Amino acid sequence: MGEGVLTAQITRRPQTGAPGSGPPRPRRRRASAWPRLWAFLTFGAPGLLVYICFVLAPILVSVGYSLTNYNPFRPPTRYVGLRNYRLLFEDPEFLNALRVTTILTVIVVVVPNVLGLAIALLLDRRGWLYNALRSVFFVPVVLSSVVVSIIWTRMMADDGVINQALRGLGVDRPPGWLSDPDLAVYSLGVILSWQTLGFCVVVYLAGLQGVPRELIEAAAIDGAGPWQRFRKVTWPLLAPALTINTVVQLISAFKVFDHIQVITNGGPGEGTTASIAFTVLQVGFTANRQGYASAMAIVMLVIIAAASAVTLKLLQRREVDL
Amino acid sequence: MRKLLAVGAAVVAVGLVGACSVEEAPSPGQGGGQGQQEISFLTFETPNLTPEVWDAAIKRVTDKHPEIKVNKLVAPTQDRTAYAKQLLASNQLPDVLVAVSPAGFAESGALYEWKQEELGEFLYPRNGAIGGKVYQLPANTQTIPVVYYNKKLFQQAGVTAPPKTYAELLDVAAKLKAAGITPFVIGGGKTTHDALGPTFAGILATEVYAKNPKWMADRRQGKVKFTDPEFTRAAQKLADLSAKGYIDKGMLSQDYAATQNAFLTGKGAMYAMGNWFAAAADDPKTKPDFEIGQFFWPSDDGKQVVSAFTGGGLLVNAKAKNLEAAKKFALAYQLDKTNLDTSCKADGLIPAIKNYSPPSDVGPVYREGFDMLRQAEAANAVVPAFGFEAGDDGMLVGVPEKWDAGMADLVTGQKSPTDVAAFLDTEWEKAS
Chain A
28 MGEGVLTAQI TRRPQTGAPG SGPPRPRRRR ASAWPRLWAF LTFGAPGLLV
78 YICFVLAPIL VSVGYSLTNY NPFRPPTRYV GLRNYRLLFE DPEFLNALRV
128 TTILTVIVVV VPNVLGLAIA LLLDRRGWLY NALRSVFFVP VVLSSVVVSI
178 IWTRMMADDG VINQALRGLG VDRPPGWLSD PDLAVYSLGV ILSWQTLGFC
228 VVVYLAGLQG VPRELIEAAA IDGAGPWQRF RKVTWPLLAP ALTINTVVQL
278 ISAFKVFDHI QVITNGGPGE GTTASIAFTV LQVGFTANRQ GYASAMAIVM
328 LVIIAAASAV TLKLLQRREV DL
Chain B
523 MRKLLAVGAA VVAVGLVGAC SVEEAPSPGQ GGGQGQQEIS FLTFETPNLT
573 PEVWDAAIKR VTDKHPEIKV NKLVAPTQDR TAYAKQLLAS NQLPDVLVAV
623 SPAGFAESGA LYEWKQEELG EFLYPRNGAI GGKVYQLPAN TQTIPVVYYN
673 KKLFQQAGVT APPKTYAELL DVAAKLKAAG ITPFVIGGGK TTHDALGPTF
723 AGILATEVYA KNPKWMADRR QGKVKFTDPE FTRAAQKLAD LSAKGYIDKG
773 MLSQDYAATQ NAFLTGKGAM YAMGNWFAAA ADDPKTKPDF EIGQFFWPSD
823 DGKQVVSAFT GGGLLVNAKA KNLEAAKKFA LAYQLDKTNL DTSCKADGLI
873 PAIKNYSPPS DVGPVYREGF DMLRQAEAAN AVVPAFGFEA GDDGMLVGVP
923 EKWDAGMADL VTGQKSPTDV AAFLDTEWEK AS
């Protein structure tokens with residue numbers, strides 16, 4: 028295989044010379060394209076097949092379902108064109124899910140990024156204590172979301188440790204973190220932020236360790252104070268870390284399902300914490316409207332893709348090369 | 523080298539294509555050596571229905587029928603119906619299922635239709651029928667709710683007797699609240715249906731079903747609506763209990779297990795719950811250090827109205843590979859005397875089987891509840907349990923979840939009773 032590629036490269040070289048220059052060389056047999064194609068197929072096919080089977084095909088199947096009234100309990104299935112999509116944008120349940128998802132996304136993108144950067148700056152030092160603290164902050168990331176959800180449900184319950192502490196401090200009627208419809212979505216945002224904070228810390232720490240010390244020292248010699256050094260030197264060089272954190276947090280917040288399923292089941296009340304992913308499952312497997320749920324899933328996919336692409340584009344503009 | 527790569531690529535490609543192809547789920551029926559017929563059985567676990575309880579119950583049947591081998595599946599949450607739907611969607615519906623709502627499954631032809639001659643041992647062989655056909659063994663009766671009360675807390679608040687009318691209930695609640703005691707224990711979260719539903723079912727029994735026991739059938743025919751005065755008055759009662767502080771809406775954050783525990787540890791005086799709670803109340807491991815009393819949810823005029831549901835038994839997959847074995851297992855499981863006795867003790871159920879009487883060593887809370895139900899049946903005071911009905915008497919698929927959400931909205935005050943009623947009518951139309 029390597030021999031074939033090499034031959035192809037070698038045979039192309041003489042053609043770049045000026046025509047007629049030098050003595051005519053003996054004509055060599057033109058190399059076949061097969062070896063390269065074969066190499067591509069051999070190495071590319073497994074990955075391509077995995078992608079087609081487990082990513083592309085399910086998406087296409089979902090698109091197909093979304094154009095039908097598919098309900099496994101109510102055959103026959105009929106083609107309904109874009110009716111599901113039209114209904115979606117008039118459906119209060121979906122619009123509410125979009126609102127809840129947006130609130131959660133804003134919290135989960137902003138809070139872990141801000142706190143993660145602050146903590147990373149504090150932990151960007153040498154020593155066993157800082158190494159240990161880095162591990163401590165990363166622990167929630169590796170915990171199962173169900174475990175995290177159960178722990179926080181207990182903590183945020185009416186008689187959980189948080190409210191007991193507040194009562195101990197003299198708060199007569201502490202908030203119903205998960206039972207108050209106006210608060211529950213923000214409580215979920217806090218839980219999600221807590222779990223993903225460690226990821227942001229690690230990415231920012233990696234970014235900080237890539238900032239050349241000499242630049243910081245040069246800025247200090249030029250009279251820049253700590254804030255100016257951070258703003259003018261460190262922060263611009265952390266742009267790639269910000270891009271990674273923002274896009275990853277954005278995508279994970281849009282997809283959030285398991286915490287909601289375990290902690291609030293979309294409530295209290297009608298959809299106060301129901302994200303799009305949660306609503307897709309409810310509509311698909313509780314109300315059995317799987318055609319309609321597929322349309323929701325496709326819209327969700329488009330929103331995530333568009334939001335990620337725009338965010339990526341905007342943030343990459345800030346990135347600077349050393 | 524090329525040959526090696528070609529072989530490798532071919533193996534990978536064949537493997538992937540094989541993985542992508544849609545294949546019928548391997549039926550357990552094909553397994554099981556030595557002439558055994560293998561079936562799968564979907565169960566669920568609760569604080570009362572532990573893995574040991576299920577395993578022992580299955581073993582009793584397979585000991586009698588060694589030709590049947592059972593693969594137990596456990597639903598990941600208490601919502602076994604949603605899980606069964608996911609399994610059906612992926613062509614993996616188990617051969618036998620327990621306490622799964624048959625709505626939707628039955629209409630799609632997924633469930634075996636029991637013949638009346640197969641149901642000869644059951645007290646109410648037509649209960650839970652869908653389109654006149656019975657798909658779920660009508661195995662047991664559940665009173666939903668019984669209002670359990672903490673006699674010690676009642677005494678502390680100066681309450682000497684359980685209330686007989688709704689006005690008396692409010693009076694009791696006011697006295698408890700004045701004494702710094704939470705009158706009602708409720709729950710919510712993922713388990714709103716079971717942890718708050720019985721309270722609303724009690725109110726709806728006295729306001730809706732007492733006047734029209736066919737209300738849900740009438741709703742299916744469009745003769746009544748949720749926005750009718752009977753339903754909205756009931757919704758208003760639930761909202762008022764919360765507004766007056768008799769229900770602590772903060773408790774909506776606790777799940778079913780925590781709710782039960784809250785009552786058992788004296789965090790509230792009254793607990794409107796299905797009679798299955800008797801299992802925990804009588805269990806030496808969870809039995810509280812106070813005496814538990816019980817009464818049915820009182821009506822305005824004091825006339826006894828008892829809401830109950832008979833059904834909840836096993837269902838059989840119509841396409842089970844070993845259909846006869848699945849049917850035999852389901853019936854044997856359901857009629858096994860020891861299993862029935864165990865269901866009384868472990869899950870507080872009241873078997874709806876002819877000539878059955880519970881064992882003599884059931885706990886006092888269970889015995890009292892059993893006797894109360896029998897008296898209510900004799901007095902013809904039993905009506906369906908709103909929100910817990912099944913089949914032709916139940917809500918349309920997808921509506922019970924909205925009913926759960928509506929209840930929580932009433933308790934939190936997020937929506938008015940008329941808004942909740944209108945919302946339920948809208949959701950009903952969507953589901954129909």
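Protein chains in written order, with the numbering used here: chain A, 28 to 349; chain B, 523 to 954. Here a beta-carbon is modelled for each residue, glycine too, at the ideal position from N, C-alpha and C. The structure displayed is predicted, hence computed values, not measured ones.
Task: Residue-chain proximity (residue 782(B), chain A), Cβ-Cβ < 8 Å - done: It does not: the Cβ of residue 782(B) has no partner Cβ on chain A nearer than 8 Å.
- [ ] Can you say whether residue 689(B) is buried or exposed, counting buried as having 16 or more other CB atoms within 10 angstroms of its CB?
- [x] That one is exposed.
Open item on the list: Buried or exposed for residue 625(B), going by 16 or more other Cβ atoms inside 10 Å?
Closed with: The C-beta of residue 625(B) has 16 or more other C-beta atoms within 10 Å across all chains shown, which makes the residue buried.
Task: Alpha-carbon to alpha-carbon, residue 253(A) and residue 262(A) - done: Those two C-alpha atoms are separated by around 12 Å.
Task: Listed by chain order, chain B residues near residue 291(A) by CB distance under 8 Å - done: What residue 291(A) touches in chain B: 711, 712.
Open item on the list: Taking the straight line between their C-alpha atoms, what separation do you get for residue 615(B) and residue 701(B)?
Closed with: If you take the alpha carbons of residue 615(B) and residue 701(B), they lie about 52 Å apart.
Open item on the list: If I measure Cβ to Cβ from residue 770(B) and keep anything under 6 Å in the same chain, skipping five residues before and after, which residues do I get?
Closed with: Residues 704 of the same chain have their beta carbon placed closer than 6 Å to that of residue 770(B), with the five preceding and five following residues left out of the count.
Open item on the list: For residue 119(A) and residue 929(B), what's the separation of their Cα atoms in angstroms?
Closed with: Cα to Cα, residue 119(A) sits roughly 19 Å from residue 929(B).
- [ ] Could you check what DSSP says for residue 953(B) in three-state terms: helix, strand or coil?
- [x] DSSP places residue 953(B) in helix when its eight states are reduced to three.
- [ ] Can you say whether residue 900(B) is buried or exposed, counting buried as having 16 or more other CB atoms within 10 angstroms of its CB?
- [x] With fewer than 16 Cβ atoms within 10 Å of its Cβ, residue 900(B) is classed as exposed.
TODO: Compute the distance between the beta-carbons of residue 98(A) and residue 318(A), then report whether it is under 8 Å.
DONE: Contact: yes.
Task: As assigned by DSSP and simplified to three states, the class of residue 956(B) - done: The structure shown has nothing for residue 956(B), since chain B only spans 523 to 954.
Task: Exposed unless 16 or more other CB atoms sit within 10 angstroms - verdict on residue 196(A) - done: The C-beta of residue 196(A) has fewer than 16 other C-beta atoms within 10 Å across all chains shown, which makes the residue exposed.
- [ ] Please classify residue 149(A): is it buried, with 16 or more other beta-carbons within 10 angstroms of its beta-carbon, or exposed?
- [x] It is exposed - the Cβ of residue 149(A) has fewer than 16 other Cβ atoms within 10 Å.
Open item on the list: Buried or exposed, going by whether 16 or more other CB atoms sit within 10 Å of the CB of residue 919(B)?
Closed with: Residue environment: residue 919(B) is assigned as buried (16 or more neighbouring CB atoms within 10 Å of its CB, all protein chains considered).
Task: Run of the beta strand (DSSP E) containing residue 972(B), from where it starts to where it stops - done: Outside the shown range of chain B, which is 523 to 954, sits residue 972(B), and nothing can be said about it.
Task: 6 Å Cβ shell around residue 713(B) - same chain, five flanking residues per side excluded - done: By the criterion of a C-beta distance shorter than 6 Å, residue 713(B) is surrounded in its chain by 777, 778, once the five residues flanking it on both sides are discounted.
Task: Under 8 Å by beta carbon: chain B residues contacting residue 151(A) - done: Correct list: empty, because the minimum Cβ distance to chain B is about 38 Å.
- [ ] Just list the beta strand (DSSP E) runs in the segment 636-668 of chain B, keeping only unbroken ones of 3 residues or longer that don't cross its boundaries, in chain order.
- [x] List check, beta strand (DSSP E) in window: 662-665.
- [ ] Return the first residue and the last residue of the beta strand (DSSP E) that residue 882(B) is part of.
- [x] In the DSSP assignment, residue 882(B) falls outside any beta strand (DSSP E), carrying neither H nor E.
- [ ] Using 10 angstroms around the beta-carbon of residue 923(B), count the other beta-carbons present and answer buried if the total reaches 16, otherwise exposed.
- [x] With 16 or more Cβ atoms within 10 Å of its Cβ, residue 923(B) is classed as buried.
TODO: With DSSP as the reference, label residue 736(B) as helix, strand or coil.
DONE: In the structure shown, residue 736(B) sits in coil (DSSP, three-state: anything other than H, G, I, E or B).
TODO: Identify the continuous alpha helix (DSSP H) that holds residue 111(A) and give its terminal residues.
DONE: Here the alpha helix (DSSP H) through residue 111(A) covers 110-115.
Task: Contact under 8 Å by Cβ, residue 870(B) with residue 797(B) - done: Between residue 870(B) and residue 797(B), the gap from beta carbon to beta carbon is short of 8 Å.
Open item on the list: Can you tell me whether residue 559(B) is helix, strand or coil according to DSSP?
Closed with: Correct three-state label for residue 559(B): strand.
Task: Contained alpha helix (DSSP H) runs [length at least 4] in the segment 689-739 of chain B, N- to C-terminal order - done: Those alpha helix (DSSP H) runs which fall completely within the segment 689-739 of chain B and span 4+ residues are 714-717, 719-726.
TODO: Identify which residue in 706(B), 591(B), 607(B) has its Cα closest to the Cα of residue 788(B).
DONE: Out of 706(B), 591(B), 607(B), 706(B) has the C-alpha closest to the C-alpha of residue 788(B).
Task: Boundaries (first-last residue) of the alpha helix (DSSP H) holding residue 676(B) - done: Bounds of the alpha helix (DSSP H) holding residue 676(B) are 673-678.
Open item on the list: Buried or exposed for residue 78(A), going by 16 or more other Cβ atoms inside 10 Å?
Closed with: Residue burial is scored here from C-beta neighbours: residue 78(A) has fewer than 16 other C-beta atoms within 10 angstroms and is therefore classed as exposed.
- [ ] Return the bridge partner residues of residue 829(B) from the DSSP annotation.
- [x] Residue 829(B) pairs with 905(B).
Open item on the list: For residue 67(A), count the other beta carbons within 10 Å of its own beta carbon; 16 or more makes it buried, fewer makes it exposed. Which is it?
Closed with: By the 16-neighbour rule on beta-carbons within 10 angstroms, residue 67(A) is exposed.
Open item on the list: Do residue 729(B) and residue 831(B) count as a contact pair if the criterion is CB distance below 8 Å?
Closed with: One thing to note: residue 831(B) has its Cβ no nearer than 8 Å to the Cβ of residue 729(B).
Task: Alpha-carbon spacing of residue 856(B) relative to residue 795(B), whole angstroms - done: Residue 795(B) has its alpha-carbon roughly 24 Å from the corresponding atom of residue 856(B).
Open item on the list: Can you check whether the C-beta of residue 626(B) is within less than 8 Å of a C-beta belonging to chain A?
Closed with: Any Cβ of chain A closer than 8 Å to the Cβ of residue 626(B) would place that residue at the interface, and such an atom is present.
Task: Per-residue DSSP class, three states only, for residue 792(B) - done: Strand.
- [ ] Buried or exposed for residue 932(B), please, with buried defined as at least 16 other CB atoms from any protein chain shown within 10 angstroms of its CB.
- [x] Counting other Cβ atoms within 10 Å of its Cβ, residue 932(B) reaches 16 or more and is therefore classed as buried.
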